[in-house]
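Participant: Provided herewith is a single structure, encoded as structure tokens, for subsequent inquiry.
Take a look at the structure:
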């Protein structure tokens, strides 16, 4: 902790700082709680998307075992042609969100492909969208997690470092100034006592001198 000047000016400065910290800390704590709640939502959305992907992959394996056939090529049936993302402001943190995903389907003849290919194309389109959504939601979660950790660090800085240190500095300065006031009072009393004693001595000397004059006069 930096050395604090032990004077009234420094005391007033520390009191102003403490007032600012105590005013800012509740807002910072509220922001941390809001970010934690949003991070929880992002985590749940991420888990949900992952679960949907697993379900589709399982459905395709169960419903389309014929994909193992090499005589029916299905590569690159579905392609992503455009992805539009937008930024959302959540408690002061910019996070991405998918606005639109455009896909295209490679033309194929209904006569040249088995009927199950249509079902496959539908599942592939959904899978592509979910995979992109998953990647964006990972970024979304990471942004909120980082913001939460940063805000938590600031809360700890205020509550566990700045405020206790400032309170300690205020107490130290107040004790010092109080000691100085007592010392000044004592010094003033001592000085007054010395003056009174000096005046008493001078008065006694004057009395003695007056007595001697009176005696010699007789």
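In the working numbering, the protein residues as written are 667 to 884. Idealized CB from N, CA, C, for every residue including glycine. A quick note: this is a predicted structure, and the numbers were derived from the prediction, not measured.
(1) Residue 703 by DSSP, collapsed to three states: which one?
(2) Answer with buried or exposed for residue 705, where buried requires no fewer than 16 other C-beta atoms within 10 angstroms of its C-beta.
(3) In terms of DSSP beta bridges, what is residue 769 paired with?
(4) Suppose you measure from the CA of residue 686 to the CA of residue 844; what does that come to, to the nearest Å?
(5) Hey, how far is the Cα of residue 824 from the Cα of residue 716?
(6) Can you tell me whether DSSP reads residue 751 as helix, strand or coil?
(7) What does a CB cutoff of less than 6 Å around residue 793 pick up in its chain, not counting 5 residues either side in sequence?
(8) For the candidate residues 675, 781 and 712, whose alpha-carbon lies nearest to that of residue 796?
(9) By the 10 Å Cβ neighbour count, where 16 or more other Cβ atoms means buried, how is residue 728 classified, buried or exposed?
Facilitator: Taking the definition as stated:
(1) Along the chain shown, read from residue 1 onward, the residue named residue 703 stands at position 37. Of the three classes helix, strand and coil, the one that applies to residue 703 here is helix, per DSSP.
(2) Your numbering for residue 705 matches position 39 in the chain shown. Per the 10 Å Cβ criterion, buried.
(3) Start at 1 with the first residue of the chain shown, and residue 769 comes out as number 103. 746, per the DSSP bridge assignment.
(4) The count along the chain shown starts at 1 and reaches residue 686 at position 20. The count along the chain shown starts at 1 and reaches residue 844 at position 178. Cα-Cα distance, rounded: 25 Å.
(5) Along the chain shown, read from residue 1 onward, the residue named residue 824 stands at position 158. Along the chain shown, read from residue 1 onward, the residue named residue 716 stands at position 50. Whole-angstrom Cα-Cα distance: 38 Å.
(6) As a position in the chain shown, residue 751 is number 85, starting the count at 1. Three-state DSSP puts residue 751 in a strand.
(7) Taking the first residue of the chain shown as 1, we reach residue 793 at position 127. The residues are 722.
(8) Residue numbering aside, residue 796 sits at position 130 when the chain shown is read from its first letter. The candidate whose alpha carbon is nearest that of residue 796 is 712.
(9) As a first step, residue 728 is located in the chain shown; it is residue number 62 there, counting from the start. Exposed, by the Cβ-count rule.
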